[in-house]
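This report refers to the structure that appears directly beneath it.
Residue numbers (the working numbering): 39 to 774.
Encoded structure:
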């Protein structure tokens with residue numbers, strides 16, 4: 039001890055107890071944690087390890103390549119091509135609009151439409167549609183040199199996962215038949231839906247490891263079950279005939295702007311569909327932008343409508359099969375009354391006393407109402423069943439519609455009479471085609487079909503096949519079939535109009551014009567019509583059947599007939615198909631032998647003369663080889679017949695009505711050489727009615743050409759069965 043040092047006595051610290059208490063608590067807590075870790079390690083370790091692995095590894099579907107759809111010649115109409123699913127790390131970009139403005143042009147959308155997708159609360163988002171290689175390149179180019187909000191290159195914020203994209207090389211070609219594949223990879227509409235079970239194949243499975251953001255690491259992918267590609271489906275659609283159909287349909291729509299239309303071309307001997315088109319249509323490559331009505335409707339299959347005069351063929355068949363009438367039996371045409379309900383012929387005056395053979399040629403409503411009343415409901419319904427009108431045809435396309443007939447409690451005499459000429463009932467275009475096809479082929483009702491065969495693309499083996507299927511082997515006796523065949527040929531060649539006539543061929547057919555029902559009132563529109571033509575050729579050995587129907591064409595009132603709108607289209611298609619099949623006309627010299635002076639008939643389209651002076655209209659007509667005849671003197675043309683765009687023979691007459699101030703006179707036109715319906719059309723242009731006598735072509739008229747007539751007046755005209763030597767007759771015009 040040093041000198042002077044102060045020595046203090048040791049005293050216990052007042053904090054020493056607290057420290058020791060704290061140290062004890064810490065030791066106990068640590069021991070509890072260690073114990074819990076041991077418990078987790080040994081008791082829950084395997085479970086937690088499994089969950090951890092599940093978080094890192096995922097299993098997903100490996101989509102199978104879809105089978106191709108082929109036309110009858112083996113050309114692809116639909117097939118899969120390599121594509122990519124685009125994923126965008128949108129969370130790395132604070133400015134969503136700036137990102138959208140870069141990506142939108144490459145993706146073909148507006149920036150404002152892309153912003154909602156990029157603004158979701160997820161780190162990554164997926165563009166909903168597969169993109170092709172060119173789009174992939176555009177996306178990468180749009181981000182090149184740009185950086186995200188974290189300073190990374192923006193190109194690293196997109197990934198492209200390989201997949202398949204459905205491709206339709208011909209766009210809207212046969213789109214309503216083919217259908218499309220939706221965003222879920224399933225067939226929607228048409229063949230894509232009907233044969234999805236073959237086309238889709240069998241999906242596989244694969245596993246992969248996900249990164250921190252949940253996206254696959256490419257090197258980790260492992261196939262668990264390989265995908266099995268789908269089968270190819272080959273159709274009966276002939277690419278050449280389908281091309282004819284598409285072109286004529288486009289021309290029809292361009293001229294008449296209908297609400298919708300359908301064309302069907304078949305082989306009546308087998309039921310195979312050779313061509314089919316509907317309007318409106320769509321491009322299956324861009325189905326998301328299509329009109330929903332076009333996507334959901336194939337008007338040839340999915341819709342029933344009043345057939346009008348084309349149904350008269352069924353009524354006549356039933357009457358002949360039951361011996362209810364004979365073709366030579368006569369009746370009074372014009373009008374009749376059934377329980378207070380007046381039924382008129384289309385020209386209101388009729389043709390006097392005519393026979394039932396002429397009833398079809400003249401398309402007499404009174405004649406077929408008379409036949410239906412004699413038949414009765416039981417017979418009419420029986421033969422509707424026999425010809426397939428009361429059942430779906432069974433065509434292999436989705437959502438086929440059913441026919442509509444009056445329910446039992448509404449089957450009165452008036453309804454029976456109107457059903458006889460195709461009013462008040464509704465049938466589908468395919469039912470019409472099947473029924474007339476049975477007459478064409480000798481009496482066999484065939485099931486129409488579109489799929490020819492299903493092929494395994496790996497082996498070439500035929501997996502499934504459609505063969506001609508007979509639904510009813512003999513709809514009516516052979517003698518009735520022969521009578522119907524002859525009558526249908528006469529309707530075109532010697533009937534009241536020759537719109538469907540092809541020189542050198544026996545074209546058989548019937549036109550139809552039906553009113554459209556207003557669904558709100560249950561009454562008929564006064565200005566909306568469904569016009570149609572159905573026929574086949576050649577008459578002696580049918581190879582092709584054509585049906586054309588047009589719903590509410592926009593045209594002048596005097597032109598709203600099946601024979602002026604639908605029949606010219608059908609005639610063109612029949613002619614093109616016969617030439618394509620290299621079927622020669624009858625006669626060694628061919629078509630020229632069947633035409634005057636040994637020269638082929640030349641057709642021109644009627645010009646639009648409305649608004650021109652009569653002298654200017656005549657000059658236009660002269661340049662086209664048409665004679666333009668003013669009905670009411672010189673002036674400005676306000677109406678014309680035929681309407682613009684109708685195909686007529688060179689040398690035909692056109693008639694124009696003019697506006698020449700108050701009190702201008704109506705002059706009686708020269709009707710010599712015109713068919714009965716053509717004459718009725720010309721007179722309708724000036725508001726004059728026709729009283730027809732005889733049949734064939736106009737040879738005499740009660741009011742001389744050039745005489746003054748008044749609107750509403752009825753003029754008697756005599757017709758005789760000869761073809762006029764001069765070309766004053768206008769071809770391509772008539773009614774149905």
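All C-beta atoms in this analysis are idealised placements derived from N, C-alpha and C, irrespective of residue type, glycine included.
Just grab the DSSP bridge partners of residue i for me.
i           : result
residue 551 : 569
residue 623 : Note: residue 623 sits in no beta bridge, so no partner.
residue 584 : 303, 573
residue 98  : 244
residue 7   : Residue 7 lies beyond the range of the chain shown here (39 to 774); nothing can be said about it.
residue 791 : Because the chain in this structure spans residues 39 to 774, residue 791 falls outside the shown range and cannot be described.
residue 204 : 118
residue 496 : Paired residues: none, contrary to the question.
residue 226 : 218
residue 735 : 713, 758
residue 696 : 675
residue 691 : 665
residue 562 : 555
Can you look up residue i in the DSSP assignment and give me helix, strand or coil?
i           : result
residue 347 : helix
residue 477 : helix
residue 511 : coil
residue 704 : strand
residue 325 : helix
residue 152 : helix
residue 545 : coil
residue 139 : helix
residue 710 : coil
residue 447 : helix
residue 185 : strand
residue 756 : strand
residue 536 : coil
residue 146 : coil
residue 674 : strand
residue 483 : strand
residue 172 : helix
residue 660 : helix
residue 435 : coil
residue 317 : strand
residue 592 : coil
residue 86  : Because residue 86 sits at a pLDDT of 49, beneath the cut-off of 50, its placement in the model cannot be relied upon, and the following sentence gives the value as read from the coordinates. It is helical.
residue 108 : strand
residue 490 : strand
Between which residues of its own chain and residue i is the CB-CB distance below 7 angstroms, once the five residues before and five after are set aside?
i           : result
residue 356 : 413, 417, 418, 421
residue 393 : 365, 366, 367, 368
residue 294 : 588, 591, 592, 593, 603
residue 628 : Residue confidence is low: residue 628 scores 36 on pLDDT, short of 50, so the model does not pin down where it sits. Its coordinate-derived value is still stated next. Contacts found: 542, 622.
Residues in its own chain within less than 8 angstroms of residue i by CB, not counting five upstream and five downstream?
i           : result
residue 296 : 290, 317, 588, 589, 590, 591, 592
residue 527 : 544, 545, 546, 577
residue 789 : Examination of residue 789 is not possible in this model, given that the chain is present from 39 through 774 alone.
residue 196 : 124, 125, 126, 127, 177, 178, 181
residue 283 : 301, 303, 313, 314, 315, 611
residue 659 : 645, 647, 665, 666, 692
residue 143 : 176, 180
Nearest chain C C-beta to residue i closer than 8 angstroms, yes or no?
i           : result
residue 135 : Of the protein chains in the structure, only one exists, and it is not chain C.
Can you determine whether any heavy atom of the ligand NAD sits closer than 7 angstroms to the C-beta of residue i, and answer yes or no?
i           : result
residue 725 : With respect to small molecules bound, the structure shown includes none, and the ligand NAD cannot be examined in it.
Give every residue of the same chain whose Cβ lies closer than 6 angstroms to the Cβ of residue i, excluding the five residues on either side of it in the sequence, and list them in chain order.
i           : result
residue 540 : 613
residue 280 : 212, 313
residue 656 : 666
residue 574 : 306, 478, 546, 580, 583
residue 438 : 339, 430
In the segment 364 to 429, which residue ranges form an unbroken beta strand (DSSP E) of at least 3 residues, counting only runs that do not cross its ends? 368 to 370, 373 to 376, 379 to 382, 391 to 393
Can we say the segment 378 to 394 touches the segment 428 to 437, given the rule of at least three CB pairs closer than 8 angstroms? no
Is there contact here, the segment 345 to 355 with the segment 316 to 325, by at least three beta-carbon pairs under 8 angstroms? no
Contact between the segment 261 to 269 and the segment 470 to 477 (3+ Cβ pairs under 8 angstroms): no
Going along the chain, which unbroken runs of the beta strand (DSSP E) with 3 or more residues stay wholly within the segment 245 to 313? 260 to 263, 270 to 273, 298 to 304
Take every Cβ of the segment 237 to 251, pair it with every Cβ of the segment 439 to 458, and state whether three or more of those distances are shorter than 8 angstroms. no
Decide yes or no for the touch test of the segment 219 to 226 against the segment 178 to 188: beta carbon pairs closer than 8 angstroms, at least 3 of them. no
Touch test, the segment 651 to 668 against the segment 613 to 623, Cβ-Cβ under 8 angstroms, three pairs minimum: no
Whether or not the segment 457 to 471 and the segment 336 to 344 are in contact is what I'm after, with contact meaning three or more pairs of Cβ atoms, one per stretch, closer than 8 angstroms; do they touch? yes
The segment 453 to 460 touching the segment 393 to 410, judged by at least three CB pairs closer than 8 angstroms: yes
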